Amino acid sequence: MDAFVSRKRKRDERQKESAQVPTPPLDSTAIEEEESTDFKLAILASLHSSLDENTLLEALLASEGSVEQAAEWLTQRNTSSPRKRSAPSNVGFQSSLSAYRISGQGSGPAKKPLVKKGQTLHLYSPEDIEAHTPCSIIHNFLPNKQADALLMQLLEEAPTYQSLEFKLFDKVVWSPHTFCFYVNSLDEAEEQKTEYIYDGRKVEDVRQSVPEMLKACPQVEEAVNREIQRRIHDFYPNGKKLKYQSPHPWKANTAFVNCYDGGKESVGYHADQLTYLGPRAVIGSLSLGVAREFRVRKIVAEGDEYRKADGTLADAQGQISIHLPHNSLLIMHAEMQEEWKHSIAPAQAIDPHPLAKNKRLNITYRFYKDNLHPKYTPKCKYGCGFFQWAEFDDDGEPPWAARVKAEQTNTTPATKETRNVIGT
């Protein structure tokens, strides 16, 4: 900039000064942290003019904001694949961020966050989703005819769904979407109405799962259990399950069905209630109808750089958006509920679905544990209210788990057979 604001000097004078004054070393890291994303994209565009902006942005995200690394990876990719690349034409497609990674890096979740506070990173491919979030996704999960049949049955039920009523700052408010609670038998439905408590109250509308939901249960269970084992093997330290995570097979014995009618209907950031699921709960969410954004963010940021004066860690990371198309199964793994929050963001525009029109229905299959039934909840024998911290062993089992197992073992064969049918 000096050349534009100062007087012109003679050539020999400039050469003399440059010889006497040493040039300070260029701190590329500081520059990259200070410059905006648009500036970095402009630099990459000047170096790789044949690539579109989305490709440049993906490379920049994969390199954690380093222009130098992004340029190097793009050069390597172009050299190894000299074929002309056509511009992406489909909305909602993204090549995997792992395509820009230098070979030799180990597998597993990313150590550094790809997005800072106030920003949103959009992920589409299963590889990126499982690498940067506690989730995995299976696209085109059910056969097309089965997915459509399930969607049509839920569309018939959806007009009777209700909004969730709750208190916020002493005011009664309603959730901006509707839902319904399903279990696998009429006996379980009656039990849920009379014995289980949600948000301080009993749920009146508990229904038996529709036939297509029951038909999909074994498929969901098989897929979720397979993904749990793969997550443990590929992502968890030493290939072992997390502390408090259950080692037993996961079952889909209950389900919440949420209906979002139009882009304005949504749900804010929250974690699911774990009272009857136990710690390190796994949830399988099947999306049907209109595609929507499922956003997640860490509850607590990692690293001392985000530590407050009182020693706590601030939520200094941005949010990640996972796009959920029709007939996709999202598995929220064991670390999800305690360490992350999730939401369905409002959408300014949506692409209508041929059958569902503007509606999105999602089934969140859950595993209600027998030993966390309300009848086992510790209570004062004198009827007084009291507070007690939850206690679980390393497998997520409460102190009375052995007693419950013994009670179930001593049940009559007829009762055991009935329970096995219900749990499938």
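In the working numbering, the protein residues as written are 55 to 478. C-beta: ideal position from N, C-alpha, C; glycine also. Note that the structure is a prediction, hence the values are computed from the model and not measured.
- Around the C-beta of asparagine 238, 16 or more other C-beta atoms lie within 10 Å, and the residue is accordingly described as buried.
- Each residue's CA atom was taken as its position, placing serine 100 and leucine 110 some 11 Å apart.
- CA-CA distance, asparagine 198 to serine 229, rounds to 31 Å.
- The beta carbons of glutamate 281 and serine 339 sit about 12 Å from each other, so the pair does not count as a contact at 8 Å.
- For tryptophan 228, the beta-bridge partners assigned by DSSP are Glu219.
- Burial is judged here by how many other beta carbons sit within 10 angstroms of a residue's own beta carbon; glycine 332 has at least 16 and is buried.
- Distances from the CA of phenylalanine 348 to each of Pro188, Glu122, Asp106 were compared; the closest alpha carbon is that of Pro188.
- Residue state for glutamate 210 is assigned as helix, using DSSP reduced to three classes.
- Distance from the Cα of tyrosine 419 is smallest, within the candidate group Glu393, Trp127, Glu276, for Glu276.
- Tryptophan 304 and histidine 387 have their alpha carbons spaced roughly 11 Å apart.
- In this structure, Ile286 is the residue among Pro301, Ser300, Ile286 with its C-alpha nearest to the C-alpha of lysine 294.
- Distance from the Cα of aspartate 448 is smallest, within the candidate group Gln283, Glu181, His302, for His302.
- The Cβ-Cβ distance between valine 257 and glutamine 207 does not fall below 8 Å.
- Residue nearest to tyrosine 252 within the set Lys318, Lys433, Thr329, Asp288 is Thr329 (criterion: CA-CA distance).
- Contact check for tyrosine 236 against valine 336 fails: the beta carbons are separated by 8 Å or more.
- Taking histidine 407 as the centre and dropping the five residues before and after it, the same chain places the C-beta of Gly343, Val344, His380 closer than 7 Å to its C-beta, in chain order.
- Note: glycine 317 is not bridge-paired with any residue in the DSSP secondary-structure output.
- As a beta-bridge residue in DSSP terms, glutamate 347 pairs with His377.
- Here arginine 346 really is in contact with leucine 378; their C-beta atoms are around 6 Å apart, less than 8 Å.
- Under the DSSP definition of a beta bridge, threonine 308 partners with Val237, Arg420.
- Within the same chain, and ignoring the five residues on either side of lysine 423 in sequence, the residues whose Cβ sits closer than 6 Å to its Cβ are Gly332.
- Of Phe289, Val227, Ser104, Leu204, the smallest CA-CA separation from glutamate 181 is found for Phe289.
- The stretch 389 to 415 is shown to contain whole alpha helix (DSSP H) runs of 4 or more residues at 390 to 393, in chain order.
- Residue burial annotation: valine 260 is buried, with at least 16 other C-beta atoms found within 10 angstroms of its C-beta.
- Under DSSP, arginine 255 forms a beta bridge with Tyr252.
- Using a Cβ distance threshold of 8 Å, leucine 204 and methionine 267 count as a contacting pair.
- Straight-line spacing of the CA atoms in isoleucine 183 and cysteine 438 works out to 47 Å.
- Distance from the CA atom of threonine 463 to the CA atom of asparagine 279, rounded to whole angstroms, is 24 Å.
- Take the alpha-carbon of glutamine 246 and the one of leucine 105: they are about 56 Å apart.
- Using a Cβ distance threshold of 8 Å, serine 397 and tyrosine 323 count as a contacting pair.
- Less than 8 Å separates the beta-carbon of leucine 383 from that of isoleucine 192.
- Proline 452 sits buried, since 16 or more C-beta atoms from the chains shown fall within 10 Å of its C-beta.
- The C-alpha of isoleucine 417 is placed about 28 Å away from the C-alpha of phenylalanine 446.
- Glutamate 389 and isoleucine 353 do not touch by the CB rule: their CB atoms are close to 11 Å apart, not below 8 Å.
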